[in-house]
Amino acid sequence: LADHADAVVLPLLLPDTPVVTWWPAESPADPADAPLGKLAMRRITDASGTHQPSSLEERLRGYSPGDTDLAWTRCTPWRSMLAAALDQLPCTVESVKVTAEIDNPSSTLLAVWLGWRLNVPVTLSTDKGPGITGVHLGTGKGEISLARPDGMLAVLSMPDQPDRHVALKRRELADLLTEELRRLDVDETYEEVLRHITDHDVSAIDEVTPAPAQPATITVTAQATEGPLGSLPRDPAEPAEQVAQQQKLDGDARDKPGDAP
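For any residue, its number in my numbering is found by taking its place in the sequence shown, counting from 1, and adding 28.
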């Protein structure tokens with residue numbers, strides 16, 4: 029039966045009912061071409077627990093519209109809070125640093141999304157974790173940082189404002205699946221992020237090794253090609269870039285419902 033899972037599942041499907049296939053552990057290189065994947069309009073995988081560079085590279089090669097990964101879903105609260113922070117402080121972001129535990133696919137996707145949408149250099153540093161531990165945005169008005177060292181509570185720091193503690197708990201699997209099942213259309217932002225992962229990113233991430241005494245640092249250089257909302261202005265002195273950066277982040281962060289992290 030394991031070799032003919034589609035034949036077992038097919039008689040159980042109801043007509044005109046949306047079908048979602050979820051692989052909780054290892055997933056096929058091309059989910060849409062897998063027997064169970066062919067039955068589904070949405071296919072959910074999870075890169076966590078596998079080696080990060082090869083996992084993301086495989087998802088890029090085998091991507092089809094309708095695919096998504098829970099490593100990307102885990103980024104939603106971070107994306108929402110960072111977009112909200114930039115709404116409160118109009119400024120031009122000049123650099124980004126993301127810190128996370130080694131081989132964390134969510135941190136790579138978040139770093140590439142930020143680099144692509146803001147058109148700035150992004151540094152990805154390894155830390156003890158758990159998961160993503162912080163994002164630091166360098167701006168002309170000072171640094172905006174969202175730090176979560178314990179996987180539970182984060183501290184949002186902004187120029188000329190007191191630090192704020194915000195709930196940013198690592199979400200359970202059920203919460204992640206619930207978010208994905210709320211929308212059955214294609215996640216175009218995830219697709220674009222995958223396509224902005226370059227060969228340089230993959231090879232650079234592959235060189236990172238754990239360094240307990242000092243985090244290893246690489247640079248993620250997302251390609252600054254045109255995305256769904258157009259390319260960003262390139263002159264950091266122009267106020268229009270500030271607006272464009274915020275609109276880019278706002279639009280993507282709100283593509284999905286802002287669940288409590």
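Idealized CB from N, CA, C, for every residue including glycine.
Element boundaries [beta strand (DSSP E), containing residue i]
| i | result |
| --- | --- |
| R195 | The question names Arg, but residue 195 is Ala in the sequence shown. Run containing A195: R192 to A195, per the beta strand (DSSP E) assignment. |
| T167 | I160 to T167 |
| T127 | V121 to E129 |
Buried versus exposed, by CB contacts within 10 Å (16 or more), residue i
| i | result |
| --- | --- |
| P105 | buried |
| V221 | buried |
| V36 | exposed |
| K125 | buried |
| D61 | exposed |
| A265 | Per-residue confidence for A265 stands at a pLDDT of 38, beneath the threshold of 50, marking its modelled position as unreliable; no derived number is given. |
| L42 | exposed |
| E235 | For E235, the pLDDT reaches just 45, beneath the cut-off of 50, and the residue's location in the model is therefore unreliable, although a value from the coordinates is still provided. With fewer than 16 Cβ atoms within 10 Å of its Cβ, E235 is classed as exposed. |
| S92 | exposed |
Cβ pair residue i, residue j closer than 9 Å
| i | j | result |
| --- | --- | --- |
| L67 | D34 | yes |
| I172 | L110 | yes |
| V150 | G143 | yes |
| L165 | A113 | yes |
| L205 | W50 | yes |
| A57 | G90 | yes |
| D84 | L38 | Reading off the sequence, residue 84 comes out as Leu, not Asp. It is not a contact, given that the beta carbons lie outside the stated cut-off. |
Span of the alpha helix (DSSP H) around residue i
| i | result |
| --- | --- |
| V36 | A33 to V37 |
| G143 | P133 to L146 |
| V221 | E216 to R223 |
| R107 | T104 to Q116 |
| R210 | L201 to R210 |
| A182 | First-last for A182: L181 to S185, but that is the beta strand (DSSP E), not the alpha helix (DSSP H). |
| A99 | L98 to T101 |
Close Cβ partners of residue i (< 7 Å) along its chain, the five nearest in sequence each way excluded
| i | result |
| --- | --- |
| P52 | D74 |
| P46 | M69 and L212 |
| T167 | C119, T120, V121 and E122 |
| S135 | V126, A128, L152 and I160 |
Residue i versus residue j: straight-line alpha-carbon distance, rounded
| i | j | result |
| --- | --- | --- |
| L40 | L64 | 13 Å |
| H224 | R192 | 33 Å |
| D115 | V183 | 17 Å |
| R199 | W100 | 13 Å |
| E207 | C103 | 12 Å |
| L117 | L201 | 33 Å |
| V48 | E219 | 18 Å |
| G170 | P59 | 44 Å |
| R210 | D203 | 11 Å |
Close beta carbons around residue i, own chain, < 6 Å, minus the five adjacent residues each side
| i | result |
| --- | --- |
| T127 | S153, D155, T161 and G162 |
| V3 | Outside the shown range of the chain, which is 29 to 289, sits residue 3, and nothing can be said about it. |
| M186 | L117 and I172 |
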